Structures are given as structure tokens and as C-alpha cells.
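Numbering (the numbering used here), first residue to last: 313 to 602.
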């Protein structure tokens, strides 16, 4: 059905009790943790444009905390850098200690091999050669004593000359026994003691290498754990600083669109000891304001 429009009074009747709200609206809440004071709030009913200042909360305490937090971040950063450098130093020192221990172990094995395959065979060969030489000298001395005895019996040689030849033979026999004793000493005592010493050096160097490797690994693990702890602390302090910076940013609220300012408490009416919003009013976190 249609109706012809005519000029006349417009009657508006309310069927139900209630409140009228804008269809397009944005509720401004306090996003500062805890309780804060209003430094500025746009008067209710003010028409604002996008970007205009709506609300500013007191963030002076947060700014003081931010300065302290920035100092903590600097200290944590310095500690993290120091831990990182220390970790590199510990790794380098560990590798150096291991290389040195490995070198000592290899030298000990080489000394053992050199003695078993080189020094001892040469000493034994020299001792045997000396025994052979002393044996030949003794044989010659004995032969000379025999000829001297024949010449002495035939009155061609004096008693003193015969005695000198016998003395030479006795000296050669003593030198032969000394050479034989030296070989026996080398085989049964000197070589065994030297061999035991070299084996002990190899064993000690091997154990020292193991200790060095374990200590190096422990130092690296400790330095790595300290580095991770310092990095975590640095990240934690950075996170706290960013949170404070975000809180400070949230202390200033600007309009996202062209609109009219309406106080939430005014629109709902006062109840109990509720006070109207104004500069200096205390507001809580997540409390609706505009």
C-alpha cells in the first residue's frame, strides 16, 4: 500500500524504556596495568577527527621504570657479550689443552717405540760388540803369556817381562767380565726399568689426555650454559623493556575515526559512589572510559 506524503507534525513515541547508542562506535578502555590517573580527557560531546587526542593517562611511573629497565638491559647485554666472548675463549683454550695433551701422549708413545726398537737394540749390540772385543783382547793376552812363558823358560825373557804380560792378560780378563756384567745389567735391570718408565709415561699421558678432554668438555658445557643463561636474561630484560614501552604508548589514545566523544559512565548514569570522569580521576585496567 502507498500513502501520499504531506507536511505536518512528526510524532515519536517510545514503546520500551532503554538507551540510545550509536550504531558505529568504538569503546576506549584503559590498557595500563593496575590503576592510573587521567591527565587529559576530551570533553564529552566534543566532535573529534581521526588522529585527535582523546585520552592521556599518567605514565610517569612507567617512564621512571623504563629508565631503570634500560639500564638493566644494558647490563644484561654487557653480561651476554662477556659470556659469549668467554665461551669462545673456553672453546679455544679447551682445544689448545687437548692438542697439547695429545702431543704429550704421542711423544710418550714415540719415546717408548724409539727405546724398544732403536735405543735398546743399539745398546745391546754395543755391549755385545764390546764383549767380543774384550774376548779377543783376552785371547791375544793369553797367547802372549804362553809365548812369554816359553821364552822365559828358554832364558830369552826376564821375569818382569813375563809378569807384565800376565798382568795384561789379567787386566783383559777383568775388562771382559766388566763388559759381560754391563750387558747383564742392561738386560736385567736398566732396560726393564727404562721400559717400565716409558710405559708409565705412556699410561700417564693417556690418562692425562682423558682428564683434559673431560675437563675441556665440562668447561665448554659450563660456558655454554652460562651463555644461554645470560642470553635468556638479556631477552627477558628486552621483553620487559618492550612491555613498558608498549604500556607508555598505550597511555596516549587518539581517535581512529571522526566521531563524538561520549563518556561510558555518563551514558550509563552514576551509581553508588561512582564519580564522573575528569582530569585526575583514577581508572583501573580494562575499565571502559569513552
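Yeah, the Cβ is synthetic: ideal placement off N, Cα and C, and Gly gets one too.
Remember, it's a predicted structure, so these values are computed and weren't measured experimentally.
With fewer than three CB-CB distances shorter than 8 Å, the segment 414-422 does not count as touching the segment 530-540. The way I'd put it, the segment 463-474 doesn't touch the segment 423-432; fewer than three beta-carbon pairs between them come closer than 8 Å. Beta-bridge partners assigned by DSSP to residue 353: 367. A direct Cα-to-Cα measurement between residue 479 and residue 486 gives close to 11 Å. When the alpha-carbon of residue 593 is set against those of 348, 329, 316, 554, the nearest one is in 348.
With fewer than 16 other Cβ atoms inside 10 Å of its own Cβ, residue 568 counts as exposed.
Counting the other CB atoms within 10 Å of its CB gives residue 489 a total below 16, which places it among the exposed residues.
Sequence-distant partners of residue 384 (beyond 5 residues in either direction) whose C-beta falls short of 6 Å from its own C-beta, in its chain, are 549. For residue 571, DSSP records a beta bridge to 360. If you draw a 10 Å sphere on the C-beta of residue 482, you find fewer than 16 other C-beta atoms in it, and that means exposed. Apart from the 5 residues on each side of it in sequence, residue 340 sits with its Cβ closer than 7 Å to the Cβ of 366, 367, 565, 601, 602 in its chain, given in chain order.
For residue 345, the secondary structure class from DSSP, reduced to helix, strand or coil, is coil. Judged by DSSP in its simplified three-state form, residue 499 adopts helix.
Residue 524 and residue 510 have their alpha carbons spaced roughly 21 Å apart. Annotated as proximal: residue 371 and residue 563, with beta-carbon spacing under 7 Å. In summary, residue 559 is buried, with 16 or more beta-carbon neighbours lying within 10 Å of its beta-carbon over all protein chains present. The segment 386-401 makes no contact with the segment 502-516, as fewer than three CB pairs between them are under 8 Å.
A distance below 8 Å between beta-carbons, with the five flanking residues on each side excluded, links residue 427 to the following residues of its chain, in chain order: 506, 507, 510.
Nearest neighbour of residue 521 by Cα position, chosen from 477, 408, 591, turns out to be 408. Around the beta carbon of residue 402, 16 or more other beta carbons lie within 10 angstroms, which makes this residue buried. Taking 7 Å as the cut-off, the Cβ atoms of residue 597 and residue 342 count as close. Within the DSSP secondary-structure output, residue 594 pairs in a beta bridge with 349.
With a 10 Å radius around the Cβ and a threshold of 16 neighbouring Cβ atoms, residue 457 comes out buried.
Across the structure, residue 362 and residue 338 are spaced so that their CA atoms are roughly 12 Å apart. Ranked by how close their Cα comes to the Cα of residue 356, the residues 576, 393, 454 have 576 in first place. The alpha carbon of residue 450 has as its nearest neighbour, out of 543, 477, 358, the alpha carbon of 477. By the criterion of a C-beta distance shorter than 8 Å, residue 464 is surrounded in its chain by 470, 471, 473, 474, once the five residues flanking it on both sides are discounted.
In the DSSP assignment, the residues bridged to residue 565 are 367. Collapsing the DSSP output to three states places residue 600 in a strand. By the criterion of a C-beta distance shorter than 6 Å, residue 553 is surrounded in its chain by 381, 385, once the five residues flanking it on both sides are discounted. Taken through DSSP and simplified to helix, strand or coil, residue 336 comes out as coil.
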